[in-house]
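Take a look at the structure below.
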Amino acid sequence: MFHVVELRIVWRNDVVQTLHTQGVVVPTNAEEAPGGVRAGRSSAAGSAAEKSLRVLEAVAVPGGPHRLTDVAAAAAVPKSSTFRILASLIDQGFVRQEPESRYGVGPRLRALSALVDGGEPAGIGRVLGELQRTTGQTVHLALHSGETITYIRKLEGDQPFRTASRVGMRMPLHTTAIGKGVLAHLPAGEVAELLAATGLPRRTPNTLTTQGALYAQLEGVRSRGYALDDEENEPTIRCIGAAVLGPSGRPVGGVSVTTVTFLVPREEIESFAPALCAAAEALAPLL
């Protein structure tokens, strides 16, 4: 659904490349990227960056998620190297591993795409705008990948106060309303693995840091269809969120309404649930 027009990606080896996924050739280390930035510092670094970019482009080809074999063939990169590159891209959130060992576009790439004019379906803006107008509060849209969610859209509320969140920011699952909505719809075994991996670090005095307490909340999330973040991720910030489900019923991300605690009491934020859940359902075919 998202189309990347042009993205500049800075890799750990400080090689700066410009990624074009609409028929424009990616600069090699011998070429100069737009804006006068050299695309590479050495032939070895350029080759590594080119391979990573080709793998990323192969993952983004329509018809995904794709198998490892298909990604390697499309990228013209050895299968073993492709696997290592994909592991790094997954870790950074640019690629997402799907069921049956398939690979799709990750939330960080979608977040960057959303920053490009025309980079998302018009329906997403309409749904989020309607939710913002209905509640008068800040609205977030996030995608899930691994142990985090990544914000890809943010609409500010009518209040004069602004939250610190921004598009592209990655957040834990256990401290956010969207994250808990996602966890509530994942298989139990996968949830256990995620929680064991993260260790449930504390971000505020209200953060749930034991699996027992979190599991109890997830039961409620499943029954009512939405989750709450009661100053668990950031002091004075309270959120209500719902998962956005893909065709298989697996969560791909979520949408939330964010409030300031001294302006909106808990009872009022829960009154946003019908509009929130309707928005999550409307967003499902758009992500």
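Residue numbers (our numbering): 890 to 1176.
Glycine included, every Cβ here is placed at the ideal spot set by N, Cα and C.
Shown here, Pro1090 sits in coil according to DSSP, grouped into three states, outside any helix or strand. In the DSSP annotation of this structure, Leu1165 is not part of any beta strand (DSSP E); the continuous alpha helix (DSSP H) holding it starts and ends at Ala1162 to Leu1172. Taking 8 Å as the cut-off, the Cβ atoms of Leu1172 and Val1133 count as close.
Counting other Cβ atoms within 10 Å of its Cβ, Ser1002 reaches 16 or more and is therefore classed as buried. For Ala1053, the three-state secondary structure derived from DSSP is coil. One Cα belongs to Pro1140, the other to Gly1057, and the distance between them is close to 19 Å. When DSSP states are grouped into helix, strand and coil, Gln1026 belongs to the coil group. Under the Cβ criterion (8 Å, minimum of three pairs), the region 1135-1155 counts as touching the region 1029-1036.
When Cβ pairs closer than 8 Å are counted between the two stretches, the region 932-951 is seen to touch the region 970-988, the count reaching three or more.
Counting C-beta pairs closer than 8 Å gives three or more between the region 1052-1067 and the region 1087-1097, which meets the contact rule.
When C-alpha distances from Ala1164 are compared across Thr958, Tyr1115, Gly1068 and Ser1137, the shortest belongs to Tyr1115.
For Gln986, the secondary structure class from DSSP, reduced to helix, strand or coil, is strand.
In this structure, the CA atom of Gly1046 is about 23 Å from the CA atom of Leu1176. Per DSSP, the continuous alpha helix (DSSP H) segment holding Ala962 begins and ends at Leu957 to Ala964. Residue pairing of Lys1043 in beta bridges, as defined by DSSP: His1029.
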